[in-house]
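Under the UniProt record's numbering, the sequence shown has 215 at position 215, and the numbering climbs by one with no breaks.
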Amino acid sequence: MRYGCLAVAVAAAVGCGQLGSTTATPKGGAAVRSGSGTGSADAAPAVPWTDALQAAADGEVAFALDLYARLTAAEKGNVFVSPYSIHAALALTATGAVGATRDQLAKALRLPPGDGGPAAAGDLGRYYARPRPDFTLAVANAVWGQAGYPWRPEWKALAAERFGGGFRDADFRARPAEERARINAWVSEQTRTRIPDLLQPPHVTDSTRMVLTNAVYFDGKWTDAFPKHATRPQPFTTPTGKVQAPLMTVEAHFRYAEGGGVQVVELPYRGGELSMLVILPASGEPKLTAEALKGWDATLSRELVRVTLPKFKHTLRAQPLPLLRDMGVVDALSPASADFGRMLAGKPEEPIFVANVVHQAFVDVTEEGTEAAAATAVVNNAPSPPPPRPKVFRADRPFAYLIRDTHKGTVLFAGRVVSP
Numbered sequence: 001m002r003y004g005c006l007a008v009a010v011a012a013a014v015g016c017g018q019l020g021s022t023t024a025t026p027k028g029g030a031a032v033r034s035g036s037g038t039g040s041a042d043a044a045p046a047v048p049w050t051d052a053l054q055a056a057a058d059g060e061v062a063f064a065l066d067l068y069a070r071l072t073a074a075e076k077g078n079v080f081v082s083p084y085s086i087h088a089a090l091a092l093t094a095t096g097a098v099g100a101t102r103d104q105l106a107k108a109l110r111l112p113p114g115d116g117g118p119a120a121a122g123d124l125g126r127y128y129a130r131p132r133p134d135f136t137l138a139v140a141n142a143v144w145g146q147a148g149y150p151w152r153p154e155w156k157a158l159a160a161e162r163f164g165g166g167f168r169d170a171d172f173r174a175r176p177a178e179e180r181a182r183i184n185a186w187v188s189e190q191t192r193t194r195i196p197d198l199l200q201p202p203h204v205t206d207s208t209r210m211v212l213t214n215a216v217y218f219d220g221k222w223t224d225a226f227p228k229h230a231t232r233p234q235p236f237t238t239p240t241g242k243v244q245a246p247l248m249t250v251e252a253h254f255r256y257a258e259g260g261g262v263q264v265v266e267l268p269y270r271g272g273e274l275s276m277l278v279i280l281p282a283s284g285e286p287k288l289t290a291e292a293l294k295g296w297d298a299t300l301s302r303e304l305v306r307v308t309l310p311k312f313k314h315t316l317r318a319q320p321l322p323l324l325r326d327m328g329v330v331d332a333l334s335p336a337s338a339d340f341g342r343m344l345a346g347k348p349e350e351p352i353f354v355a356n357v358v359h360q361a362f363v364d365v366t367e368e369g370t371e372a373a374a375a376t377a378v379v380n381n382a383p384s385p386p387p388p389r390p391k392v393f394r395a396d397r398p399f400a401y402l403i404r405d406t407h408k409g410t411v412l413f414a415g416r417v418v419s420p
């Protein structure tokens, strides 16, 4: 029996106020807004925050920390990944699965119980697709399916309604190279050209029957920018020795915690909704667990902190498929046992299974932030005591970081810097 391949392709790009603002019209999709808000190709209307969304967000955080732990154990160097993007794409996949195939995906993704669990993960994207004045967060999903294949109309409608994932006919049988180029062009548009070649020739062949894509693009400015004049080359300690790296420094009031051989500081982006949580161990690898994260959140308090952080720019690929198998996703990856009965009508001659999960992410961290402003006022008061000495947070050695929703907890991106 012949089997059809389903590929899950996810891309993420992150900048800090320097990637620029554009309005792109993706091939085969609607315009994507950026600059003063967010947009998503084929996006459904945004939804309010509910208990169901919070349950989906809590599950995404647990999945994110598990994925990060497995990825950093497997990789020795720099790591950058969007757990949210992978979670969303696999949740969309799960909406078309039944039986053990669905249950294993739901368990690994920590989705809320019941048939509504995977769709609730799609609602997270609809929530984050609402416009904001202070930063750009664009979330886009698309489904590329073999023309003439027995796709269920109700599943295509669900993908569009709950995930904003418009269905596009493709001809992988006759034109795999052209369809791969078409999908890569769409991803490039969504990530503002930062990820132009997500799919490589082995990922799309004449056996491919569907590609599910998710792209996340974030461009935010620091609330407290790092002054450029304070950036200078300084030693950064890597596992193999010291290297020179541009280290940025800013002194301001941040939420800060320390204890157990770890320092943690929260660097907010303008608007206050998203932030970068930087975790700096005294030595070794920081353990990012749900328990540790909950403990840091409980002890973070506003302090005067002098933060030193390297500038860095990374484009990194990840191979989530073996990690997902270790997390219990087995049937979906096997042509003999995958069951996507909610996606396909009847019993097609070529049942499909997940053959590839492709992920690439771009991150660029610089001094850029909100425009600097200054005002001077002269007030005559009694002499005041000297200002307190700031806490010192100096990330001149390997550290971990999460870019997350400060209030809801959703982990959009996670990374480790071993060498800037």
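Glycine is no exception: its CB is placed at the ideal position from the N, C-alpha and C atoms. Keep in mind it's a predicted model, so treat the numbers as computed, not measured.
Simplified DSSP assignment, three categories, for residue i
i: G117; result: helix
i: K242; result: strand
i: A74; result: helix
i: P235; result: strand
i: residue 441; result: No answer is possible for residue 441: it lies beyond the span of the chain, which begins at 1 and ends at 420.
i: D197; result: coil
i: G96; result: coil
i: T366; result: coil
i: K347; result: coil
i: R340; result: Residue identity differs from the one stated: residue 340 is Phe in this sequence, not Arg. Of the three classes helix, strand and coil, the one that applies to F340 here is coil, per DSSP.
i: residue 457; result: In the structure as shown, the chain starts at 1 and stops at 420, and residue 457 therefore has no counterpart that could be examined.
i: R162; result: helix
i: L111; result: coil
i: V14; result: strand
i: T208; result: strand
i: A177; result: helix
i: W49; result: coil
i: residue 423; result: A query on residue 423 cannot be resolved here, the shown segment of the chain reaching from 1 to 420 and no further.
i: V329; result: coil
i: A31; result: Low local confidence applies: a pLDDT of 29 at A31 is under 50, so the model's placement there is unreliable, with the coordinate-based value given in what follows. Coil, per DSSP.
i: A147; result: coil
i: N381; result: Its pLDDT being 37, under 50, N381 is placed unreliably by the model, and nothing is read from it.
i: R152; result: coil
i: V79; result: strand
i: R416; result: strand
i: R102; result: helix
i: R130; result: coil
i: G37; result: Reliability of the predicted coordinates at G37 is poor, the pLDDT of 35 falling under 50, and no value is obtained from them.
i: A375; result: Caution applies to A375, whose pLDDT of 20 falls short of 50 and renders its modelled position unreliable; the value that the coordinates give is listed next. Three-state DSSP puts A375 in coil, outside helix and strand.
Beta-carbon contacts of residue i that lie in its chain and below 7 Å, excluding the five residues immediately before and after
i: V330; result: Q104
i: residue 421; result: Past the boundaries of the shown model lies residue 421; the chain is included only from 1 to 420, so the question cannot be answered.
i: residue 430; result: No answer is possible for residue 430: it lies beyond the span of the chain, which begins at 1 and ends at 420.
i: P112; result: A52, A55, A56, G59, A120
i: A414; result: A64, Y68, V81, P83, L402
i: G341; result: V98
i: L92; result: G122, N141, A159, F163, G165, L212
Whole-Å CB distance - residue i paired with residue j, under 8 Å assumed
i: F80; j: A355; result: Actually they are not in contact, since the Cβ atoms of F80 and A355 sit about 24 Å apart, beyond 8 Å.
i: L247; j: R232; result: 7 Å
i: T208; j: A7; result: 6 Å
i: A121; j: A56; result: 5 Å
i: D219; j: F135; result: 6 Å
i: F393; j: I279; result: No, F393 and I279 are not in contact; Cβ-Cβ is about 11 Å, not under 8 Å.
i: F312; j: V417; result: 6 Å
Residues near residue i by beta carbon distance below 8 Å, same chain, minus five either side
i: N184; result: P196, D197, L198, L199
i: G259; result: T299
i: T289; result: L65, A69
Contacting residues, own chain, Cβ-Cβ under 6 Å from residue i (five flanking each side not counted)
i: W296; result: A257, V264
i: R255; result: E266, L300, R302
i: residue 421; result: No statement about residue 421 is possible, as the shown extent of the chain runs from 1 to 420 and does not include it.
i: S337; result: D331
i: A44; result: Note that A44 has pLDDT 45, beneath the 50 cutoff, so the model's placement of it is unreliable and the number below is only indicative. If we look at A44 and ignore the five residues flanking it on each side, its Cβ neighbours are R126, E161, G164.
i: H203; result: A7, N356, V358
i: N381; result: Low local confidence applies: a pLDDT of 37 at N381 is under 50, so the model's placement there is unreliable, with the coordinate-based value given in what follows. Excluding positions up to five away in sequence, the list is empty.
i: L293; result: none
i: A373; result: The predicted position of A373 is uncertain, since its pLDDT is 21 and thus under 50; a value taken from the coordinates is nonetheless stated next. Hits under 6 Å: none found.
i: P268; result: T223, S275
i: A282; result: G261
i: R397; result: T237
Bridge-paired residues (DSSP) for residue i
i: M248; result: L309
i: R404; result: S275, V411
i: N184; result: In the DSSP output, where bridge partners are listed per residue, N184 has none listed.
i: L137; result: F218
i: H359; result: V10, A318
i: F167; result: V143
i: G4; result: I352
i: F226; result: According to DSSP, F226 bridges with nothing at all.
8 Å Cβ cutoff, residue i in contact with chain C
i: A230; result: No chain C is present in this structure, which holds just one protein chain.
Any non-hydrogen atom of the ligand ZN within 7 Å of residue i CB
i: L109; result: Within the structure as shown, the ligand ZN is missing, as the structure has no ligands at all.
Every unbroken beta strand (DSSP E) within the region 252 to 324, with a cutoff of 3 residues, ordered by chain:
Fully enclosed beta strand (DSSP E) runs of 3 or longer: 262 to 268, 274 to 281, 301 to 310, 312 to 318.
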